[in-house]
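Residues in the sequence shown are numbered from -2 upward in steps of one, following the numbering used here.
The block underneath contains the structure these notes are about, expressed in structure tokens.
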Amino acid sequence: MSDKPINQMPLFISPRQSSLISVIPRKHATPAGKPCGALEVCVLGSGSGGNSTVIRLGETALLIDAGFGPRATDKRLAEAGLSLASLRGICLTHLDQDHFRPNWPNTLLKFGLPIYVHVSHYADLMRIPGGAELRDAGLAHSYNSLPFEPMPGVTASTVRLQHDREGTIGYRLDTHAGSIGYATDLGHAPPALIQHLAGVDLLCIESNYDPDMTLASPRPIWINRRNMSDSGHLSNEQSYQAVRMISDASPTGLPRDVVLLHRSSQCNHPAKIHEAFARDPHLAKRITLTEQRTRTRWLGVHPSAVVDAT
Ligand SMILES: [Zn+2]
-2 MSDKPINQMP LFISPRQSSL ISVIPRKHAT PAGKPCGALE VCVLGSGSGG NSTVIRLGET
58 ALLIDAGFGP RATDKRLAEA GLSLASLRGI CLTHLDQDHF RPNWPNTLLK FGLPIYVHVS
118 HYADLMRIPG GAELRDAGLA HSYNSLPFEP MPGVTASTVR LQHDREGTIG YRLDTHAGSI
178 GYATDLGHAP PALIQHLAGV DLLCIESNYD PDMTLASPRP IWINRRNMSD SGHLSNEQSY
238 QAVRMISDAS PTGLPRDVVL LHRSSQCNHP AKIHEAFARD PHLAKRITLT EQRTRTRWLG
298 VHPSAVVDAT
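In structure tokens, the structure reads:
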């Protein structure tokens, strides 16, 4: 475990700590004196070849996952009008190479860029070349179930999800300018995740595979079994059901935008995703598909008038 305590806020009540709370009261999500500015999201790329999403709040920015190397990330950030120097931190869902390339430490040290991992992933971070140097420079931070502040004005609260041996982390980011949910590489969507992400303005969630395409693919059977297990990935149907449940647990109209991550190039097709979500026209018109090789446009997060009125 890190001996570098991160800026945790124990007085903030996490939905994970209290099953009675399904939506973080907005008054708790707006720490006084924090910087103002619009909240925006841009998925730099998503898929088994790499995942990285940039969250911008005013003049500052944060990455969720760094599944492209520093050079490729800088290039994609430049296309989005940012650079590595714009970043204030990187939050990881887990340490598979499509979510964290192990060639980041030198760049993190050069820019003094902190990285945040769940305490259960900290040992894995220390095992990569340069992990100990990050720790010694005070840049390797671990969090537990308590919310923390990875960037001024952003409160991150997390939920642990099942994926392979060490699991993955779902994030909820609350700011004065709206909230974002982020969940990828999860074998299934447990009730704790639905509660955790209920009420977010923008939801990013994976829609990884179509079962028929998976079974017809030339992939080894053991890979298919792993991907389709409770510790693998969400199918289009599972993704749709999770979004429906989160929407049903949210104030009317939320989440306003749904960004679908990590589409398999071999076992999925955009038409299959649209087909799954077409059953609910209200949700179907809110979805944005992501790509492996190209970034999305900047998606503005606008707090709902319904939520603001509460
Ligand atoms: Zn992945």
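Backbone N, C-alpha and C define an ideal beta-carbon position, used for all residues, glycine too.
**Message:** My parser needs the alpha helix (DSSP H) runs of 4 or more residues fully inside the region 233 to 287; what are they?
**Reply:** 233 to 245, 267 to 274 and 278 to 281
**Asked** If you pair each beta-carbon of the region 69 to 76 with each one of the region 118 to 126, do three or more pairs fall below 8 Å?
**Response** no
**Request:** Taking only heavy atoms of ligand 3 into account, decide whether any of them is closer than 7 Å to the Cβ of ASP227.
**Result:** Ligand 3 is not part of the structure shown, which contains ligand 1 as its ligands.
**Prompt:** Measuring from the CB of ASN48, is there a heavy atom of ligand 1 at a distance below 7 Å?
**Reply:** yes
**Request:** Kindly list the residues whose CB is nearer than 8 Å to the CB of ARG276, restricted to its own chain and excluding five residues on each side of it in sequence; keep chain order.
**Result:** TYR237
**Request:** Rounded to whole angstroms, what's the CA-CA distance from GLU163 to CYS201? Just pull it up for me.
**Result:** 21 Å
**Request:** Give me every residue whose Cβ sits closer than 5 Å to any heavy atom of ligand 1, in chain order.
**Result:** ASP95 and ASP182
**Request:** Apply the 10 Å Cβ neighbour rule to ARG98 and answer buried if 16 or more other Cβ atoms are within range, or exposed otherwise.
**Result:** buried
**Asked** Nearest-angstrom Cα distance between PRO278 and SER154?
**Response** 30 Å
**Prompt:** Based on Cα-Cα distance, which residue from CYS264, LYS269 and TYR179 lies nearest to THR211?
**Reply:** CYS264
**Nearest-angstrom Cα separation, counted from ARG283 out to ASP254** = 5 Å
**Request:** Could you check the C-alpha separation between ILE112 and CYS39 for me, to the nearest Å?
**Result:** 19 Å
**Closest by C-alpha distance to VAL310, when choosing among LYS107, ALA186, LEU170 and ILE125** = As displayed, the chain neither begins before -2 nor continues past 307, which places residue 310 out of reach and without an answer.
**First through last residue of the beta strand (DSSP E) which encompasses MET148** = 145 to 148
**Prompt:** Whole-angstrom Cβ separation of GLN289 and GLY128, contact assumed at under 8 Å?
**Reply:** That belief does not hold up - the Cβ atoms of GLN289 and GLY128 are roughly 27 Å apart, past 8 Å.
**Message:** Can you find the residues in the same chain that come closer than 8 Å, C-beta to C-beta, to ALA77, ignoring five residues on each side of it along the sequence?
**Reply:** CYS39, LEU41, VAL51, ARG292 and TRP295
**Message:** I need the straight-line Cα distance from VAL151 to GLY135, nearest angstrom please.
**Reply:** A direct Cα-to-Cα measurement between VAL151 and GLY135 gives close to 20 Å.
**Item:** Own chain, CB closer than 6 Å to GLY34, minus 5 neighbours either side, in chain order
**Value:** LEU54 and GLY55.
**Request:** Going by DSSP, name the residue or residues bridged to GLU37.
**Result:** In DSSP, GLU37 forms a bridge with ARG53 and GLY297.
**Request:** Assign LYS31 to one of three DSSP states: helix, strand, or coil.
**Result:** Note that LYS31 has pLDDT 46, beneath the 50 cutoff, so the model's placement of it is unreliable and the number below is only indicative. Looking at LYS31 - three-state DSSP - the assignment turns out to be coil, as it is neither helix nor strand.
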